[in-house]
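K.L.:
If you count by the working numbering, then the sequence shown holds residues 4 to 288, one letter each, in order. Ideal Cβ placement from N, Cα and C applies to all residues, glycine included. Predicted model only: the values in this text are computed from it and were never measured. If you scroll down you'll find the structure; I have some questions about it.
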Amino acid sequence: MGVTSVIGDATISVPDFTTSTNLGPLTTTASFPDDCLSKLYDMNTGGLGMPWTYQTQGCAISTCCPSENSYTEPYEWMTSYYSPGVCPSQYRACDPPSSPTELDSASGETIAFCCPKSYRCPGANPDGIFWACMSLLSTSTEVVVMDDITNQETLSTRKFTLSPGMSNSWQVAYPIQIRWRAVDFQADTSTTAASETGIATSLTTIPATATGDTDSSQTSSHSSSDNGSHLSTGAIVGIAVGSFFFALLLAGVLACILLRRKRDLRNLDSTAHTVQPEYAGGKQT
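This is the structure in structure tokens:
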């Protein structure tokens, strides 16, 4: 059935979104070239889902979208998403649309839309339609002119300047839809989480690995090794005293053996002096 809204002299129709496609995981914080958010792009194509032509940044440009999956069809960010996913660098998470354009999700699954940090979230725009991220531009900015949103071949560059009587102008960045479950980002002791994930606050924070663990374990290992290879002063004194008493004991044993041998020799000498010699002729009378 969808939603229909009249803005000025234009009638805007937002369809029902009954199906969606998972484009794959986006679990590391993606980063894009600086030009993606420093320049504007004139795609020579009407806004995707709107009757007006906008100058754009972000995921309208192939090099400014994860895996170069740029949007070429109206509301393609509503019918495709990354899961599990986190918002790219320089993006922030926005709430998903509410009824009547609310999206279906699986049990335990959270949906968020990522917009450049300087842009308003979808649905926070003056018309109230959940469409794209929008920003008011009031300064002169370089514009890259493309042939169209499909081929994206550069034709020229020019400077954007406000028309007389205008103080600012709306610019567009098509959002990136991400989804996740809490279990997708459970703490892993082998992984260090990014300092800024860009995901909604309902997601459980992934603890960072302590930087001091490795150093402290190495210190403990070295200390144990040092203790095993060097003797303490008490141990050295104990060994010296033990060696001294062992030497005394050994000297005493040797002295006893020598004294006994001398005594045995004396006994042999005395026995030899008391025996009377015999003569060949017989005993003397």
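According to the Cβ coordinates, are C97 and A109 closer than 9 angstroms?
P.N.:
In this structure, A109 does not lie closer than 9 angstroms to C97 by Cβ.
K.L.:
Label C117 either buried or exposed according to how many other C-beta atoms from any shown protein chain fall within 10 Å of its C-beta, with 16 as the threshold for buried.
P.N.:
So C117 counts as buried.
K.L.:
Below 8 angstroms on the Cβ atoms is my contact criterion, and I expect P100 with F133 to pass it. Report the Cβ-Cβ distance as a whole number of Å.
P.N.:
Contact flag correct, Cβ pair sits at about 4 angstroms.
K.L.:
Just confirm the distance between the C-beta atoms of P178 and W55, as a whole number of angstroms; I'd bet it's less than 8 angstroms.
P.N.:
With 8 angstroms as the limit, P178 and W55 do not qualify as a contact, their Cβ atoms being about 18 angstroms apart.
K.L.:
Which value, in whole angstroms, describes the spacing of the CA atoms of N47 and F35?
P.N.:
Cα to Cα, N47 sits roughly 22 angstroms from F35.
K.L.:
From what residue to what residue does the beta strand (DSSP E) around L40 run?
P.N.:
Premise fails: L40 lies in the alpha helix (DSSP H), 38 to 41, not in any beta strand (DSSP E).
K.L.:
Tell me which residue opens and which closes the alpha helix (DSSP H) that W173 is part of.
P.N.:
Taken as a continuous stretch (DSSP letters only), W173 belongs to no alpha helix (DSSP H), being part of the beta strand (DSSP E) at 172 to 177.
K.L.:
Does the beta-carbon of T113 have 16 or more other beta-carbons within 10 angstroms, so that it is buried, or is it exposed?
P.N.:
Classification of T113: buried, given that the 10 Å Cβ count is 16 or more.
K.L.:
Closer than 8 angstroms by C-beta to N171: which residues in its own chain qualify, once you throw out the five before and the five after it? Chain order, please.
P.N.:
Closer than 8 angstroms at the Cβ level, and outside the excluded window around N171, lie L139, L140, S141, L165.
K.L.:
DSSP puts M46 in a beta bridge; with which residues?
P.N.:
DSSP output for M46 lists no bridge partner at all.
K.L.:
When you compare each of I10, L261, S41, N154 to F163 by their alpha carbons, which one comes out closest?
P.N.:
Selected option, being the one with the closest Cα: S41.
K.L.:
How big is the Cα-Cα spacing for L261 and F249?
P.N.:
Computed Cα separation, rounded: 19 angstroms.
K.L.:
Within 10 angstroms of its Cβ, does G52 collect 16 or more other Cβ (buried), or is it exposed?
P.N.:
With 16 or more Cβ atoms within 10 Å of its Cβ, G52 is classed as buried.
K.L.:
Tell me the residue span of the alpha helix (DSSP H) that contains T82.
P.N.:
Per DSSP, T82 belongs to the alpha helix (DSSP H) from 79 to 82.
K.L.:
Under the rule that 16 or more other beta-carbon atoms within 10 Å means buried, what is Q189, buried or exposed?
P.N.:
Q189 should be labelled exposed.
K.L.:
Give me, in chain order, the residues of the same chain whose beta-carbon lies closer than 8 angstroms to that of V9; leave out the 5 immediate sequence neighbours on both sides.
P.N.:
Cβ within range, chain order: I15.
K.L.:
Taking the alpha-carbon positions, what's the A33 to S73 distance?
P.N.:
Looking at the two C-alpha atoms, the distance is approximately 14 angstroms.
K.L.:
CB-CB under 6 angstroms to P91, same chain, minus the five flanking residues each way: which ones, in chain order?
P.N.:
Closer than 6 angstroms at Cβ, skipping near neighbours: A33.
K.L.:
Residues in its own chain within less than 7 angstroms of N25 by CB, not counting five upstream and five downstream?
P.N.:
If we look at N25 and ignore the five residues flanking it on each side, its Cβ neighbours are Y84, S86.
K.L.:
Do you know offhand how far E76's Cα is from A185's?
P.N.:
In a straight line, the C-alpha of E76 is about 31 angstroms away from that of A185.
K.L.:
With DSSP collapsed to three states, give me the class of P119.
P.N.:
Strand at P119.
K.L.:
For M137, which option in T104, V146, S121 has the closest C-alpha, if you only look at C-alpha atoms?
P.N.:
For the residues T104, V146, S121, the minimum Cα distance to M137 belongs to S121.
K.L.:
Go through its chain and collect everything with a Cβ distance to R161's Cβ below 7 angstroms, but skip five positions before and after it.
P.N.:
So the list reads V146, V148, once near-sequence residues are dropped.
K.L.:
Quick one: what does DSSP say E71 is sitting in, helix, strand or coil?
P.N.:
The answer is helix: DSSP assigns E71 an H, G or I state.
K.L.:
Among T157, R182, D150, G49, which has the Cα closest to the Cα of S23?
P.N.:
It is R182.
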